[in-house]
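Take 9 as the starting number for the sequence shown in UniProt numbering and just add one per residue. Idealized CB from N, CA, C, for every residue including glycine. Data first, discussion second: the structure below is written as C-alpha cells.
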Amino acid sequence: PQDYDYKALEAKWSAEWDQLQPFATNLAGDDRPRKYVLDMFPYPSGDLHMGHAEQYALGDAVARYWRHQGFNVLHPIGWDSFGLPAENAAIKNGGDPKDWTYENIAQQRASMKRYAASFDWNRVIHTSDPEYYRWNQWLFLQMYERGLAYRKYSDVNWCPNDQTVLANEQVIDGHCERCDAIVVKKKLNQWYFKITDYADRLIDDLNQLEGHWPQKVITMQRNWIGRSLGADVDFVVEGRDEPVTVFTTRPDTLYGATFMVVAPDSDLAAELAEGASDDVRERFAKYLADTRALDSIDRQSSDRPKTGVDLGRFAINPLSGERLPIWAADYVLADYGTGAIMAVPAHDQRDLDFARAFDLPVKVVVDVTQAVTGVIPIIPEDGSMPEFEDLHPAKTGEALSGDGRLTNSGPLDGLSKRSGIQAAIELLDERGTGRAAKNYRLRDWLISRQRYWGTPIPILHGENGKEVPVPLDQLPVRLPEAEGLDLRPKGASPLGGATDWVNTVDPETGEPMLRDTDTMDTFVDSSWYFLRFLSPNNELAAFDEKTASSWAPVDQYVGGVEHAILHLLYARFITKVLYDLGHVDFTEPFSALLNQGMVVMDGKKMSKSKGNVVSLSAELDQYGVDAVRLTMLFASPPEDDVDWADVSVAGSGKFLARAWRISGEVTSPLGVDFGEGDRGLRRETHRFLADVPQLASGFKFNVVIARLMELTNATRKAIDSGAGPADPAVREAAEAIAVVLDMYAPHTAEDMWQRLGHEGSISHVKWPTAARSLLTQDQVTAVVQVNGKVKHRLDVPPTIDEASLEQLAISSPKVQAAIDGREIVKIIVRAPKLVNIAVKG
Ligand code: ANZ
9 PQDYDYKALE AKWSAEWDQL QPFATNLAGD DRPRKYVLDM FPYPSGDLHM GHAEQYALGD
69 AVARYWRHQG FNVLHPIGWD SFGLPAENAA IKNGGDPKDW TYENIAQQRA SMKRYAASFD
129 WNRVIHTSDP EYYRWNQWLF LQMYERGLAY RKYSDVNWCP NDQTVLANEQ VIDGHCERCD
189 AIVVKKKLNQ WYFKITDYAD RLIDDLNQLE GHWPQKVITM QRNWIGRSLG ADVDFVVEGR
249 DEPVTVFTTR PDTLYGATFM VVAPDSDLAA ELAEGASDDV RERFAKYLAD TRALDSIDRQ
309 SSDRPKTGVD LGRFAINPLS GERLPIWAAD YVLADYGTGA IMAVPAHDQR DLDFARAFDL
369 PVKVVVDVTQ AVTGVIPIIP EDGSMPEFED LHPAKTGEAL SGDGRLTNSG PLDGLSKRSG
429 IQAAIELLDE RGTGRAAKNY RLRDWLISRQ RYWGTPIPIL HGENGKEVPV PLDQLPVRLP
489 EAEGLDLRPK GASPLGGATD WVNTVDPETG EPMLRDTDTM DTFVDSSWYF LRFLSPNNEL
549 AAFDEKTASS WAPVDQYVGG VEHAILHLLY ARFITKVLYD LGHVDFTEPF SALLNQGMVV
609 MDGKKMSKSK GNVVSLSAEL DQYGVDAVRL TMLFASPPED DVDWADVSVA GSGKFLARAW
669 RISGEVTSPL GVDFGEGDRG LRRETHRFLA DVPQLASGFK FNVVIARLME LTNATRKAID
729 SGAGPADPAV REAAEAIAVV LDMYAPHTAE DMWQRLGHEG SISHVKWPTA ARSLLTQDQV
789 TAVVQVNGKV KHRLDVPPTI DEASLEQLAI SSPKVQAAID GREIVKIIVR APKLVNIAVK
849 G
C-alpha cells in the first residue's frame with residue numbers, strides 16, 4: 009500500500025503468520041534459554057471483550073519481549089470450557105451445552121487470531137474434551153488412592169438458585185460468587201479434596217513468591233488459609249468423664265478466663281444441655297433453633313447484641329482451679345477450633361461484650377500500663393500515666409488486647425505476652441492438660457457439583473456403601489449425551505437421569521453398581537492445565553514429565569486479580585500434590601504473576617446494565633488491531649485500570665502511521681555501517697536501546713511506548729531537517745523502532761521490517777544492544793510543574809521535541825500522582841526545559 013492501511017496490513021500479515029507459523033514452539037529442539045509465558049485461559053462465554061483485549065495485549069507483549077531477547081518462548085492458549093453458563097444457556101434456549109461451548113470457542117478463536125496474539129496454535133486444549141477431562145479423572149483417582157479425595161456427609165454451602173453446592177472459596181460474604189444468591193447450609197454427602205493437609209506448605213511457600221507475585225495476592229492467600237498459633241487447653245467438666253478442649257491464641261491469659269462458651273450447634277452443646285435441668289433444656293432448644301436461622305455473616309458480626317444460654321454446668325480452670333460457668337452462645341462457631349472457647353473478657357472484646365450483657369466477672373490479668381520492651385503503653389493525651397483502675401474493661405467497655413506484664417496469674421506473673429504464651433504452654437504440657445496447637449481457617453475443598461457440564465467423578469457405588477474406583481484403563485468415563493436429559497437444576501445431578509449410563513457393574517466381580525452422578529468443580533480442570541500444554545495430545549499421561557521438568561513451572565503468568573484465591577490456591581495445592589506423587593520436580597506452578605487492571609468507561613466497570621460496554625470488534629474495525637493493542641498498554645501501567653473514555657485510539661493509529669512511513673523513506677542499503685551515521689540521532693537510538701529492556705522487563709510498557717514516540721519524532725526530524733533519509737543513523741533508528749514496536753503492534757512492525765528490506769518475520773529478531781560509547785550524552789534537566797509547583801524533574805536529551813517531552817512528563821507516575829485524576833486544562837511545553845500542566849481544582 010502507498011499509505012498506512014491497517015486493514016491491508018492485517019490481512020497480509022495474518023496470512024503470512026498462518027503460513028510461517030513463527031510462534032509454534034519446538035519444546036525439544038534447541039539450546040536457547042526458555043521462557044514459559046502463560047495467559048490465564050478464557051471461559052468461552054460469548055465473543056472476546058475489552059478485558060480479554062487488555063490481558064492478551066499484555067501477555068503478548070511479555071511473550072514477544074522474551075522472544076526478541078533470544079529466548080525459546082512457549083505461549084499457549086486453550087479454553088476452560090466446562091461450567092455452568094453453557095448449561096444455563098442450554099436450559100434457557102434448549103440445545104446442548106456442548107454445541108454452545110464449541111460455537112463460542114470457534115468465535116473466540118477467530119477473534120484471538122485477528123488480535124494477533126502470538127499463541128502457539130498447535131497446543132490448543134479444551135477442558136471439556138474427553139482427551140482432557142480423562143486426566144482430571146486420573147488426578148482424582150491418584151488422590152483417592154492416597155486419601156486426598158474423600159466423601160463426607162456434612163453441612164455444605166448450597167446455592168438455592170444454581171441448585172448446587174459451592175466450595176468455601178466460592179462464597180463471597182455469604183453470597184454465591186456466580187449469581188449472588190444468599191448461600192444456605194444443607195447436609196449432603198459430597199466429595200472433598202484434602203487441601204487442609206497442605207495448609208502449612210501453602211502458607212510457607214508463599215515466601216518463595218514474595219517480590220514475584222503482587223503483594224496483595226500473597227496477603228489474600230495468607231489470610232484465606234488463616235493460620236493461628238496457640239494452644240489446646242483441656243478443661244475438666246463437672247459431671248462429664250472427658251475434659252472439654254478449647255483452642256486459644258492467648259494461653260497466657262488463662263488465669264483471666266471467667267467462663268466458657270460452646271457453639272450452640274455443636275454436638276458438645278447438645279450433650280451438655282442434655283445433662284441440665286428441664287428449664288435449661290427448653291431454653292437451649294429454642295436458642296439452637298434461633299441460631300440455625302441466622303446466616304453466618306450475621307453470626308460473626310461484632311456489633312450484633314450478644315445472646316446466649318447459661319447451661320448450668322461448670323468447668324475447672326486447669327491452672328487456677330477456678331470454677332467457670334458454661335454458656336452456649338452463637339458468637340462461637342462450631343466448625344472453628346474445637347467449637348468451644350475459654351472466655352477472657354478483660355482481654356477479648358467479644359467476650360467482654362458478652363460478660364457485660366450477662367453480668368459475668370471480668371478479671372484483668374495483663375497490666376498494660378507496664379512497659380514491655382518494644383511496646384509503648386497506652387498513655388492519655390495529657391501525658392499522665394493512667395491509673396490501672398481507670399483502664400478496667402468492666403468500666404470502659406474496651407478489652408485490653410495490648411501487651412503488658414501478666415498479673416493475678418500465679419507463676420506467670422511479670423511475664424510479657426510472648427513469654428507468657430510460652431510459659432503457659434509449658435505448664436499445661438507438664439500437667440498434661442494442654443499443648444501447643446495450630447488452627448486454620450482453610451477448609452477442605454468441596455469438589456462435587458450437582459450439574460451436568462463437567463467431569464464425571466470416576467467412582468462406582470455398590471451395596472452397603474461399597475466404593476470402587478474406575479480402573480485407569482477404563483478412563484475416560486465419558487459424559488452421557490445431553491439429549492434426553494433434564495438439565496434443569498433440581499438439587500440432584502442431571503446425570504442421575506441417564507439410567508443406562510448410571511447402571512453398570514463392578515469391573516472385577518460383575519456385581520451391579522451405580523456410577524457417581526456428580527461432576528467435578530471446574531476449578532479442578534484449571535488446577536493443572538498449564539502442564540497439559542507441554543504435551544497436549546499425550547494419550548499415555550496427563551503430561552510428559554521430562555518436558556515438565558525442563559519447561560515448567562510457568563515463568564510469567566498473566567491474568568485478573570479475581571483469581572487471587574480460588575484458582576491460584578487450587579493450582580498451588582495440586583502442584584504440591586503432583587510433586588508429592590513424584591510427577592513434577594517443583595512445588596509452585598507460577599514463578600511470577602502479573603495482574604492486569606480492568607478496562608473501564610468513565611471510571612466505571614463496563615456492564616450491560618450500565619449501558620457503557622465498548623465493543624471490542626467495533627474498535628478493531630474502526631482503528632485496527634495494532635492501534636487498539638498499543639492503546640491498551642500506553643494508557644497506564646499494566647496493573648492499573650484503563651479508562652477507555654480517556655484514551656485516544658485514533659492518536660495511537662496516527663503514531664503507528666508515522667512510524668510506518670519512516671520505514672518507507674529510508675534510502676540507505678540493508679547492512680550499511682551505522683558507525684557512519686549522524687551522532688545525535690545515534691545517541692538517541694542507543695539511549696532508547698539501553699533503557700528499554702529494563703523498562704520492558706519491569707512491564708513499564710507505557711513508558712516504553714512514550715520512548716518509541718520520542719524516537720520516532722527524532723527520526724522524523726532527522727529525515728526532514730537534519731541528516732536526511734540516506735543517513736545510516738536513520739536506518740538504525742527505524743530498525744530499532746520496528747523491533748521494539750513488535751511487542752505492541754505486530755502487523756505494523758512486520759511490515760516496517762519488510763519495507764526496510766529484511767526477509768522473514770521480525771518476531772525472532774534479537775533486539776540490538778546499546779553501544780556504551782554512544783550513551784554518554786549531555787542531558788538537560790526538564791522541570792515538570794503542576795499548577796505552578798515543581799513536581800518532577802526529567803533527564804532528557806537537549807534535542808527533545810515538545811511532543812515527546814510532553815508525553816514523557818504526562819506518563820511519569822509522579823506527575824500522574826500530582827494530577828491525581830483532575831482534569832487537565834492546559835499544558836505549556838518549552839522543550840527541553842519546562843512542562844507546565846494546569847489542572848482544575
Ligand atoms: C482466649 C482469648 C483471650 C482469645 C484473648 C483471644 C484473645 P483466631 O486468631 O481467629 O484463630 N475462638 C476460638 N475458637 C473459636 C470459635 N470456634 N468461635 C469463635 N471464637 C473462637 O482466633 C482464635 C481466638 O478466637 C481464640 O483465642 C478464642 O479466643 C477465639 F485475650 O481464647 B481466644
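Quiz prompt | Distance, M609 Cα to E18 Cα | solution = 27 angstroms
Quiz prompt | Assigned exposure category for C187 - 16 Cβ within 10 Å defines buried | solution = exposed
Quiz prompt | Nearest-angstrom beta carbon gap, T266 and L332 [assumed within contact, 8 angstroms] | solution = 6 angstroms
Quiz prompt | Identified DSSP bridge partners for L174 | solution = N165
Quiz item: residue 897 by DSSP, collapsed to three states: which one?
Solution: As shown, the chain starts at 9 and ends at 849. That puts residue 897 outside it, with no answer to give.
Practice problem: Compute every distance between the C-beta of residue 853 and the non-hydrogen atoms of ligand 1, then say whether any falls below 8 angstroms. | Solution: With the chain covering only 9 through 849, there is no way to say anything about residue 853.
Quiz prompt | Secondary structure of P544, DSSP reduced to three states | solution = coil
Quiz item: Near L28, what residues of its chain come up, given a Cβ to Cβ distance below 8 angstroms and the 5 sequence neighbours on each side ignored?
Solution: G768 and S769
Quiz item: Nearest to E673 by CA position, among I818, D651, A600 and G765, is which residue?
Solution: G765
Self-check item: Check: M350 C-beta below 8 angstroms from any heavy atom of ligand 1
Solution: yes
Quiz item: Are the beta-carbon atoms belonging to V288 and G320 less than 9 angstroms from one another?
Solution: yes
Self-check item: Alpha-carbon to alpha-carbon, T525 and H772
Solution: 50 angstroms
Self-check item: C-beta atoms of P597 and P646 nearer than 9 angstroms
Solution: no
Exercise. Please classify L816: is it buried, with 16 or more other beta-carbons within 10 angstroms of its beta-carbon, or exposed?
Key: buried
Quiz item: Sorted by chain position, which residues of the same chain lie with C-beta nearer than 8 angstroms to W21's C-beta, five sequence neighbours on each side aside?
Solution: A124, P754, H755, E758 and D759
Practice problem: Would you please state the rounded distance, in angstroms, between the beta carbons of V372 and A354? I believe it to be under 8 angstroms. | Solution: 4 angstroms
Practice problem: Locate the alpha helix (DSSP H) running through W559, then write down its first and last residues. | Solution: E553 to W559
Quiz item: Thinking just about the alpha-carbon of each residue, which of T595, V794, R426 and I818 is nearest to the one in I211?
Solution: T595
Quiz item: Roughly how many angstroms separate the alpha carbons of D654 and G86, rounded to a whole number?
Solution: 32 angstroms
Quiz prompt | V383 burial status per 10 Å Cβ neighbour count (16 or more: buried) | solution = Because the pLDDT at V383 is just 49, under 50, the model does not fix this residue reliably, and the value given afterwards should be weighed accordingly. Under this definition V383 is an exposed residue.
Exercise. Give the DSSP-derived three-state secondary structure of N197 in the structure shown.
Key: strand
Exercise. Identify whether N620 lies in helix, strand or coil by the three-state DSSP scheme.
Key: coil
Quiz item: What is the DSSP secondary structure of N80, reduced to helix, strand or coil?
Solution: strand
Practice problem: Reducing DSSP to helix, strand and coil, say where L697 ends up. | Solution: helix
Practice problem: Look at the Cβ atom of K774, then the Cβ atom of G37, and state whether they are nearer than 9 angstroms. | Solution: no
Self-check item: C-alpha gap between T527 and W143, whole angstroms
Solution: 14 angstroms
Exercise. Return the CA-CA distance between Y448 and W761, expressed in angstroms with no decimal places.
Key: 57 angstroms
Quiz item: Taking the C-alpha atoms as reference points, what is the distance between L624 and T507?
Solution: 45 angstroms
Quiz item: Are the stretch 145-162 and the stretch 180-198 touching, with three or more C-beta to C-beta distances below 8 angstroms?
Solution: yes
Practice problem: Alpha carbon to alpha carbon, how far is E810 from R838? Give it in angstroms, no decimals. | Solution: 7 angstroms
Quiz prompt | Whole-angstrom distance between D107 and K848, CA atom to CA atom | solution = 54 angstroms
Practice problem: Provide the residue(s) that pair with A157 in DSSP beta bridges, ordered along the chain. | Solution: F201
Practice problem: Could you spell out where the beta strand (DSSP E) holding G442 opens and where it closes? | Solution: G442 to N447
Quiz item: Closer than 8 angstroms: is that where the CB of N447 sits relative to any heavy atom of ligand 1?
Solution: yes
Practice problem: Compare the beta carbon distance of T315 and Y344 with 9 angstroms and say whether it is the shorter of the two. | Solution: no
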